[in-house]
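J.:
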Amino acid sequence: MALIPLLMCVVEAATIQVVPGESLQRAIDIASDGDTIEIAQGVYNESVNITKRLIIKRRSGASERPVLNSDGSHDTVAILADGVTLEGLNLTGAKGWAMAGVRVSSGKNKIRDNSISGNSVGIYLASSGNTVDSNVVEDNYLGGIISFSAAQNNLTHNDVIENNQAGILIIESRDNFITENNASYNLGTGIKLFRSDGNYVLNNDVITNDYGIVLSEAENNWITDNTAINNDYGIYPYLSRSNEISNNSAFENDYALYLYQASGNRILGNRFADNNSEGMIIYYSEQNVLMGNDASGNSQYAVHLIGSDNNSVIRNRLSNTTDGSGALLEDSDENNLTGNQADAEERLGMQLMNSSGNTLRGNSVRHSPRGIILSGSCQRNAIFGNLVAFSDEAVLIEDGSANTLKENSINGSGKGIVLKGTSGSNLTGNEVVGCEEGIALRSANGCSLTANRIYDGVHGILLLASTNNALHANDLRRNKEGIKMEESESNRLTANDLRANANGIIVKSSSLNDLTGNNVQSGDLGIALSGSNRSNITGNSVSDCRVGLRLENSSNNILDHNNLNNNDKGLYLDEGVYPEQSSGNEIYLNSFLKNSKAVQSFISSNNWHSTEKIKYQYKGRTFKSALGNYWSDGQMVDANGDGISDSPHAIGTDEDGYPLMETSDRYSLAD
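The numbering of the sequence shown is this note's numbering, which starts it at 8 and goes up by one.
1) Who are the Cβ neighbours of Asp-42 in its own chain at under 8 angstroms, not counting the five residues just before and after it?
2) Could you check where the beta strand (DSSP E) with Arg-65 kicks off and where it finishes?
3) Quick check: what's the CA-CA separation for Thr-501 versus Asp-399?
4) Look at the alpha carbon of Glu-145 and the alpha carbon of Leu-132, and state the distance between them as a whole number of angstroms.
5) Could you check which residue in Leu-470, Gly-428 and Ser-430 has the C-alpha nearest to that of Ile-446?
6) For Phe-258, count neighbouring Cβ atoms within 10 angstroms of its own Cβ and tell me buried if that reaches 16, exposed if not.
7) Would Gly-467 pass as a contact of Leu-483 if the rule is Cβ separation under 9 angstroms?
8) Take Lys-612 as the anchor and find which of Asn-597, Ser-497 and Ser-590 has the nearest alpha-carbon.
9) Express the C-alpha separation of Gly-577 and Trp-615 in angstroms, rounding to a whole number.
10) With a threshold of 8 angstroms on Cβ separation, who are the neighbours of Leu-14 within its own chain once the five nearest residues in sequence on each side are excluded?
11) Using the DSSP secondary-structure output, state which residues sit across from Tyr-625 in a beta bridge.
12) Give me the Cα-Cα distance between Leu-634 and Gln-642, rounded to the nearest whole angstrom.
13) Along the chain, where does the beta strand (DSSP E) containing Gln-358 start, and where does it finish?
14) Is DSSP giving Gln-32 helix, strand or coil here?
15) What are the complete beta strand (DSSP E) segments, minimum 3 residues, inside the segment 176-257?
16) Can you tell me the Cβ-Cβ gap for Asp-531 and Ala-507, rounded? I've got them flagged as a contact below 8 angstroms.
17) Do the CB positions of Thr-328 and Glu-352 come within less than 9 angstroms of each other?
18) From Ala-158 to Ser-375, what distance separates their C-alpha atoms?
19) So Met-106 and Ser-77 are in contact, right, with Cβ under 8 angstroms, and what is the actual spacing, rounded?
20) From the DSSP output, read off the bridge partner residues of Ile-274.
21) What would DSSP say about Ile-153, mapped onto helix, strand or coil?
22) Out of Gly-95, Val-50 and Val-84, which one is the CA nearest neighbour of Gly-68?
23) Answer with buried or exposed for Ile-37, where buried requires no fewer than 16 other C-beta atoms within 10 angstroms of its C-beta.
24) For Trp-104, count neighbouring Cβ atoms within 10 angstroms of its own Cβ and tell me buried if that reaches 16, exposed if not.
25) When you compare the CB positions of Tyr-218 and Tyr-243, do they come within less than 9 angstroms of one another, or not?
26) Thr-660: buried (16+ other C-beta within 10 angstroms of its C-beta) or exposed?
27) State the CB to CB distance for the pair Asp-645 and Met-668, rounded to an integer number of angstroms; the pair is presumed to be in contact (CB under 8 angstroms).
28) Taking a contact to mean a Cβ-Cβ separation below 9 angstroms, would you say Asn-547 touches Ile-534 in this structure?
29) Could you please give the first and the last residue of the uninterrupted beta strand (DSSP E) stretch that includes His-568?
30) Under the DSSP definition of a beta bridge, which residues are partnered with Glu-493?
31) Might you give, ordered along the chain, the residues of its own chain that have their beta carbon closer than 6 angstroms to the beta carbon of Ala-401, omitting 5 neighbours on each side?
32) What distance in whole Å lies between the Cβ atoms of Asp-281 and Gly-304, which are believed to be in contact at a cut-off of 8 angstroms?
33) So, at 6 angstroms on beta carbons, what are the nonlocal neighbours of Gly-682 in its own chain, with the 5 sequence-adjacent residues on each side left out?
34) Quick one: complete alpha helix (DSSP H) runs, 4+ long, within the segment 574-611?
35) By DSSP, does Asp-338 sit in helix, in strand, or in coil?
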């Protein structure tokens with residue numbers, strides 16, 4: 008078998024030199040794929056089309072880049088072949104509309120270390136798989152680098168500065184990498200993605216543009232580790248969704264982050280601090296997640312939602328706003344603010360205006376003049392488990408209805424929780440410590456206060472001009488006044504525990520209220536009514552007070568089933584000297600136990616037994632009779648065993664004609 012040698016002809020790539028006065032285009036025309044064209048420094052007034060796989064660069068050792076100057080009506084360089092390298096040139100003069108210093112219509116090219124200025128467009132990419140690296144792209148009219156319908160390009164380490172419309176503009180392009188560029192001082196936008204998906208914008212600097220980074224109708228992009236300084240808008244997602252904006256730093260801008268009609272974006276771990284206006288503004292946007300961002304030290308608001316619904320603002324730092332608030336929601340519903348820190352604000356921590364169905368949970372709001380404020384038509388908001396401390400006014404709900412405050416911790420403030428002009432709110436399990444006013448209702452109606460703990464204040468719970476409210480099972484201790492009502496009607500106070508307050512329950516100029524089953528152990532006044540009529544004082548236990556139950560100029564009240572024990576004066580009705588008296592009250596089935604003086608009454612006239620006969624059981628037998636009160640200091644005899652003393656008990660000019668032999672709890676009333 009004969010061996011046939013295979014002869015191969017290897018052609019080495021050539022290097023072609025071009026000097027001023029020679030044509031670069033001619034050198035391209037005569038070159039072969041793989042050749043290198045080296046250009047000497049100087050000016051070349053021509054536009055060139057690269058149709059072969061060439062390396063075109065400045066001559067080695069040249070101190071300046073050679074200048075390619077277009078006639079204005081053509082691109083300076085048009086790359087039409089794949090695999091071209093364009094390096095170390097100065098490309099200018101493509102001033103005609105949409106003409107480019109470099110136009111790339113092919114793939115896998117490298118454009119690097121060029122100076123591209125004075126064109127309509129600096130670099131125009133209309134193809135895929137190219138690398139644009141370490142170029143200086145400045146002073147171009149329509150934009151520095153523009154990508155249109157292009158994919159998988161890599162733009163890195165470029166200085167894209169002082170361009171007119173945009174530094175880097177990505178249009179209808181996907182899966183590109185824009186990394187470590189300086190897109191600054193552009194009159195317009197530093198970096199903009201328009202209708203572009205799946206792009207990565209990483210580690211870029213955008214400084215002193217109108218807009219730093221813009222996403223317009225863009226989806227599923229990653230904006231990460233960029234720095235935006237001194238722009239009008241640092242990062243601006245507009246009509247864009249499902250993007251991730253993370254670990255960026257934006258400061259000294261007017262607005263660090265501005266979402267406009269944007270949805271489903273994730274804003275994570277950014278530093279949006281020390282801006283001239285607002286840290287994060289969310290405008291007509293929904294279902295975005297803002298988590299773990301530092302938006303402290305901004306001028307007006309750390310986070311501001313306007314007309315925006317169903318967003319989550321979680322574990323952000325919203326503190327030290329120098330002339331405004333940590334968080335403001337305007338006309339925004341169903342948002343979730345959880346675990347944020349809004350401390351040391353100039354004006355207030357968090358505010359909701361005309362916003363409903365929002366949840367504020369586990370936030371810290373401290374050292375601000377006002378803590379959490381709800382104003383306007385705010386309904387069905389849930390304020391859960393927040394810490395609000397050291398404010399003049401910790402929580403204020405003004406107007407609005409059906410809001411819920413639950414298990415919040417409030418301390419060291421002037422006013423703890425204030426409900427003003429609101430209705431149907433529910434306050435449950437809140438702890439208010441060391442506030443001048445613990446919980447205050449002003450012109451509030453139909454509200455429920457249950458199991459709240461109010462300690463060490465002046466007014467524990469204060470009701471002013473408020474009606475139809477229910478106060479149940481609240482714990483009030485060491486306040487100057489436990490509960491105070493003034494000019495308030497039809498309120499229900501049930502099963503509240505008031506201990507070690509200077510005064511327990513104070514009622515002034517208030518009628519038709521129901522005080523039932525409260526436990527009062529206070530130093531001075533237990534329960535005191537002044538100018539208050541037609542109320543029910545039922546089943547309360549009042550002990551260890553100077554005055555257990557006091558009525559001053561109060562009439563037509565019903566006092567029954569109360570236990571007045573171990574007080575200096577059990578029931579106090581008048582002084583006997585002043586014209587104030589309390590007459591016309593029904594006082595029966597009360598127990599007066601071990602008081603120094605059971606009743607003080609000289610000029611008041613009251614009914615000291617039930618006005619009707621009552622069917623009752625006593626020691627297993629059933630009777631029917633009017634029933635009076637139990638007097639532990641009385642001398643009583645019960646010959647017929649009906650549980651009623653045979654002798655009346657004298658009270659000033661009145662008498663109890665049916666005094667009980669035992670405390671009222673030993674009498675079982677039949678239906």
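No residue lacks a Cβ here, since even glycine has one placed at the ideal position from N, Cα and C. Note that the structure is predicted; figures quoted are calculated from it, not measured.
T.: Straight from the coordinates:
1) Ala-20, Ala-21, Thr-22, Ile-23, Lys-59, Leu-61 and Ile-62
2) 62-65
3) 30 angstroms
4) 16 angstroms
5) Leu-470
6) buried
7) yes
8) This sequence places Ser at residue 612; Lys is not what is there. The option with the nearest alpha carbon to Ser-612 is Ser-590.
9) 14 angstroms
10) A caution first: Leu-14 carries a pLDDT of 35, below 50, which makes its placement in the model too unreliable to give a value.
11) Arg-628
12) 17 angstroms
13) 355-360
14) helix
15) 184-186, 189-191, 196-201, 207-209, 212-214, 218-223, 229-231, 234-236, 240-245 and 251-253
16) Asp-531 to Ala-507, Cβ: 11 angstroms. No contact.
17) yes
18) 50 angstroms
19) 7 angstroms
20) Ile-252 and Leu-297
21) strand
22) Gly-95
23) exposed
24) exposed
25) yes
26) exposed
27) 5 angstroms
28) yes
29) No beta strand (DSSP E) contains His-568, which DSSP labels as neither H nor E.
30) Leu-471 and Lys-515
31) Gly-378, Val-395, Ile-417, Ser-420 and Gly-423
32) 4 angstroms
33) With the chain running from 8 to 678 in the structure shown, residue 682 is simply not present.
34) none
35) coil
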